[in-house]
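In my numbering, the protein residues as written are 8 to 165.
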């Protein structure tokens, strides 16, 4: 990790700045400042890279299923294991297979950009008519999701 990184323990009420690595557990959060970057590695084959001004919550980290909530910023997820990984970003849910995925949230305009660097992902959301939508993205695909309008566009790059 470099720069400003804040960690919120599951027993705390607010995040504190850390200067050395800590063990991240279920129910905890990491926040990177404008100058901060951090990498979280799990032995199970999951690496999470936070770019500046990012915020992630580790909702569930049980061996049977990982659930994360990306609250802001740009985060890259690299997964090489059989444990299911779900990432919530505003009103969008991403189920990741093995591979490399980057999610960027622009909270000012409520837009989410997804780039599948390697592998494939499945995204799901309910539109404004409360209709469920499920879309599969493959390697090199990009997806832009407008959270206010609850709709998106796929850019296929195969």
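All C-beta atoms, glycine included, are put in the ideal place defined by N, C-alpha and C.
Inter-residue Cα distance where the pair is residue 96 and residue 15 = Between residue 96 and residue 15, the C-alpha separation is close to 19 Å.
Coil, strand or helix - residue 154 by DSSP = Look at residue 154 here: in three-state DSSP terms it is coil, with no helix or strand label.
message = Using the three-state DSSP reduction, which class does residue 97 fall into: helix, strand or coil?
response = Residue state, collapsed to three classes: coil.
ask   = Would you call the segment 26-34 and the segment 53-68 in contact, with 3 or more CB pairs under 8 Å?
value = Counting C-beta pairs closer than 8 Å gives three or more between the segment 26-34 and the segment 53-68, which meets the contact rule.
request  = Compare the Cα-Cα distances from residue 124 to each of 145, 78, 152, 155 and report the closest residue.
outcome  = Out of 145, 78, 152, 155, 145 has the C-alpha closest to the C-alpha of residue 124.
ask   = Of the residues 8, 43, 103, 163, which one's Cα is nearest the Cα of residue 89?
value = Cα-wise, what sits closest to residue 89 is 103.
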